[in-house]
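Enquirer: Here it is, the structure, as structure tokens.
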Amino acid sequence: MSTHQDKSSPQVSIVCPMHNEQECVTEYVRRTAEAMKLTGRTHEIIIVSDGSTDRTEEILQELSLDHPELTTIVLDRNMGQCTAIYAGIQSSSGRYVVIMDGDLQHLPEEIHLLLDEMDDGYSLVSGTRTSRSESFFLRRIPSRIANWMLRTVTGCSIRDMGGFKCIRGDLARSFRLHAGQHRLLPALVWMRGGSVSEVPVSAPARFAGTSHYGLSRSLDVFFDILLLWFQASFKSRPLYMFGRIGLILILIDCVIMPWLLIEKFVYDVPMGTRPPFLIAIMLFLSALFIFTAGFMLELISDTRSASAGIRPYVVRRTISMGTGSEHMAPRERVVNEQAKVESAGTG
33 MSTHQDKSSP QVSIVCPMHN EQECVTEYVR RTAEAMKLTG RTHEIIIVSD GSTDRTEEIL
93 QELSLDHPEL TTIVLDRNMG QCTAIYAGIQ SSSGRYVVIM DGDLQHLPEE IHLLLDEMDD
153 GYSLVSGTRT SRSESFFLRR IPSRIANWML RTVTGCSIRD MGGFKCIRGD LARSFRLHAG
213 QHRLLPALVW MRGGSVSEVP VSAPARFAGT SHYGLSRSLD VFFDILLLWF QASFKSRPLY
273 MFGRIGLILI LIDCVIMPWL LIEKFVYDVP MGTRPPFLIA IMLFLSALFI FTAGFMLELI
333 SDTRSASAGI RPYVVRRTIS MGTGSEHMAP RERVVNEQAK VESAGTG
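Following this line, the structure appears as structure tokens:
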């Protein structure tokens, strides 16, 4: 993927997944357009209708007549929030990508807070929700536990990873998000070596309609964290994890078998039908199976990465000492040009 940005590309792409949000969509587009107009930044609003069965798509079609900056992506069926976000990101072209919900619990009027913080050079800025209005037991408690686990597992200091966020466009488009990973974006950026920050934002109740969030989604988050722990601990190398487990089983086996052999040949104690012998055989076979699984997953992982052209990094800039030249990614190039203009203006 090229890191160069077309001159006609907007400064900000706003990506918003929606599923049956006919009560919110008109207000969301109006307030987002007004908020972005006040920032003075060129922008595009990308709304992904995730298999909506109400009037959401019809309303969006009507709104597009008055809002040329609005783009609607309609998915064939409900694919889930993360897939909808991924589709929107891949259709974006902005220097910054803002990811937010369409129920107006993420206030469009606060987008500028994230953008201003991004101008300081961060890879991602997350909105930390204050005075949350959701259920204490169903939303806030699970959220606090999940955020604590994420900080512990990854070392990322962001206190609230589930709020709306702004990320560098080139970085956002480089991710291949799997189901549920949109909630982990700050940690994923941090693990890739990006710089992250957070700003306090409001967390009002839904503008209208009913929440699509349930307790089952909270449980899904913990499985996502478990997978992230695996990636963070073993650098996406399955053999490291499976190999260690298999090695532990072999070491236990190496303690049991010598003991049984000594009893067999020194004290003439039969070992073929003894439970420790059966356990030792089971441990050996389990270790062999685990080693094989690790090798197979390693081969699958390498093949997938090679065929998809996946790069585990994003180049921010390239410095050539031989020519003294420096090639910067879009964000650094723009910031550098702005600094030159400001310097010339004050000179």
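Residue numbers (this note's numbering): 33 to 379. Cβ coordinates follow ideal geometry from the N, Cα and C atoms, glycine included. Nothing here was measured: the structure is a model prediction, and the numbers come from that model.
Just to confirm, are G194 and R215 a CB contact at a threshold of 8 Å?
Expert: yes
Enquirer: Assuming T74 and Q43 form a contact by the criterion Cβ under 8 Å, report the distance between their Cβ atoms to the nearest whole angstrom.
Expert: So it is a contact: roughly 5 Å between Cβ atoms.
Enquirer: Checking 8 Å against the spacing of the C-beta atoms, do S124 and I78 come in under that value?
Expert: Taking C-beta atoms as the reference points, S124 and I78 count as a pair closer than 8 Å.
Enquirer: Note down, in chain order, each residue of its chain lying with its Cβ closer than 6 Å to the Cβ of M303, except the 5 sequence neighbours on either side.
Expert: Answer for M303: L292, K296, F309, listed in chain order.
Enquirer: Compare the C-alpha of I271 against each of T103, R161, M328 and name the closest.
Expert: At residue 271 the sequence reads Leu, which differs from the Ile that was named. Nearest of T103, R161, M328 to L271, Cα basis: M328.
Enquirer: Using 8 Å as the threshold, is the C-beta distance between E230 and R172 below it?
Expert: no
Enquirer: Considering only the alpha carbon of each residue, which of G134, H138, R306, L97 lies closest to E53?
Expert: G134
Enquirer: What is the DSSP secondary structure of P308, counted as helix, strand or coil?
Expert: helix
Enquirer: Which residue's Cα is closest to the Cα of D202: P236, V233, M132, L156?
Expert: L156
Enquirer: Contact defined as beta carbons within less than 8 Å: I believe L139 pairs with V233. What is the distance between those atoms, to the nearest angstrom?
Expert: 7 Å
Enquirer: Could you compute how far the alpha carbon of F254 sits from the alpha carbon of D151?
Expert: 33 Å
Enquirer: Indicate whether D285 and F316 have their beta-carbon atoms separated by less than 8 Å.
Expert: yes
Enquirer: Under three-state DSSP, which class holds E141?
Expert: helix
Enquirer: Evaluate V47 with the Cβ neighbour count: other Cβ atoms within 10 Å of its Cβ, from every protein chain shown; 16 or more gives buried, anything less gives exposed.
Expert: buried
Enquirer: Closest to T85 by CA distance: which of V106, P100, L97 is it?
Expert: The shortest C-alpha separation from T85 is found at V106.
Enquirer: Considering just the uninterrupted stretch of the alpha helix (DSSP H) at G275, what are its terminal residues?
Expert: 270 to 298
Enquirer: Return helix, strand or coil for C114, following the three-state DSSP convention.
Expert: DSSP places C114 in helix when its eight states are reduced to three.
Enquirer: Can you tell me the Cα-Cα spacing of R183 and S189, whole angstroms?
Expert: 6 Å
Enquirer: Output needed for M181: all residues of its chain with C-beta closer than 8 Å, excluding positions within five of it in sequence on either side, in chain order.
Expert: F254, I257
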